[in-house]
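Enquirer:
Chains as they are written, first to last, in the working numbering: chain A, 1264 to 1374; chain B, 78 to 191.
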């Protein structure tokens, strides 16, 4: 069983729409949750981190965490073509910062 | 100045060869990592060092040997390369090794074994 699961996509949304990316995880002891964006041929870069249940907003991005359901999501408002990338959900738990990544969801924002 | 830099960026080599990838971070971080991203884009941790001490060692063939001469450097040596070792290897670092510390990735080293 995969530890962090994401729909591989592609998720296609029109420019200006809200993109909704979802992630589930299996380890109930997980404490930290991250969304990374990875453009093709580039390294992952951190978009959002969230540690408590609820919503966390940063500009056009909102991360949502529900530990009871073991579910993390990322909303991107006013999607732009430059948001087209693979979004990686990552989960950490335990004493050390061992990030477990999902396989990523490819987002395509079309004009 | 690149925060986490790794060399070489591209490496094509034959099966059976031994190769090394070097990584340096100038962020003053205590913890460094090696991650492997395979052809299916799955990013998986291999090793982590905190202040030169190995703290995470995933199930990785012992042909892979990390070395940390100081906390700013973490190198990866691979012996007897196999076709399946072809992947992108990312070095990364974080302030500490605890779960709330953001991990910053280097630009990756594309290894192709032929």
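By construction, the Cβ of each residue, glycine as well, lies at the ideal position given by its N, Cα and C atoms.
1. Measuring straight from C-alpha to C-alpha, what distance separates residue 182 of chain B and residue 82 of chain B?
2. Step through the CB atoms of chain B and report whether any lies within less than 8 Å of the CB of residue 1368 of chain A.
3. Write down the C-beta distance between residue 135 of chain B and residue 122 of chain B rounded to the nearest angstrom, noting that I regard them as a contact closer than 8 Å.
4. Alpha carbon to alpha carbon, what distance is there between residue 1302 of chain A and residue 1325 of chain A?
5. Per DSSP, which one or two residues make a beta bridge with residue 1321 of chain A?
6. Return yes when the Cβ of residue 1275 of chain A is within less than 8 Å of the Cβ of residue 1371 of chain A, no when it is not.
7. Compute the minimum distance between the beta carbon of residue 1352 of chain A and the heavy atoms of the ligand NAP, and state whether it is under 7 Å.
8. Along the beta strand (DSSP E) that carries residue 1374 of chain A, what are the first and last residues, could you check?
9. From residue 152 of chain B to residue 177 of chain B, what does the alpha carbon distance come to, in whole angstroms?
10. Using the beta-carbon count (16 or more within 10 Å), is residue 91 of chain B buried or exposed?
11. Check the DSSP bridge columns for residue 92 of chain B and list the partner residues they point to.
Expert: Well, looking at it:
1. Cα to Cα, residue 182 of chain B sits roughly 9 Å from residue 82 of chain B.
2. Residue 1368 of chain A does not count as touching chain B.
3. Contact flag correct, Cβ pair sits at about 6 Å.
4. When rounded, the distance between both Cα atoms is 20 Å.
5. Residue 1321 of chain A pairs with A/1324.
6. Yes, Cβ-Cβ distance for residue 1371 of chain A and residue 1275 of chain A is below 8 Å.
7. Of the ligands one can find in the structure shown there are none, so the ligand NAP has no counterpart to examine.
8. Taken as a continuous stretch (DSSP letters only), residue 1374 of chain A belongs to no beta strand (DSSP E), as it is neither H nor E.
9. For residue 152 of chain B and residue 177 of chain B, the gap between their C-alpha atoms comes out near 24 Å.
10. So residue 91 of chain B ends up on the exposed side.
11. Within the DSSP secondary-structure output, residue 92 of chain B pairs in no beta bridge.
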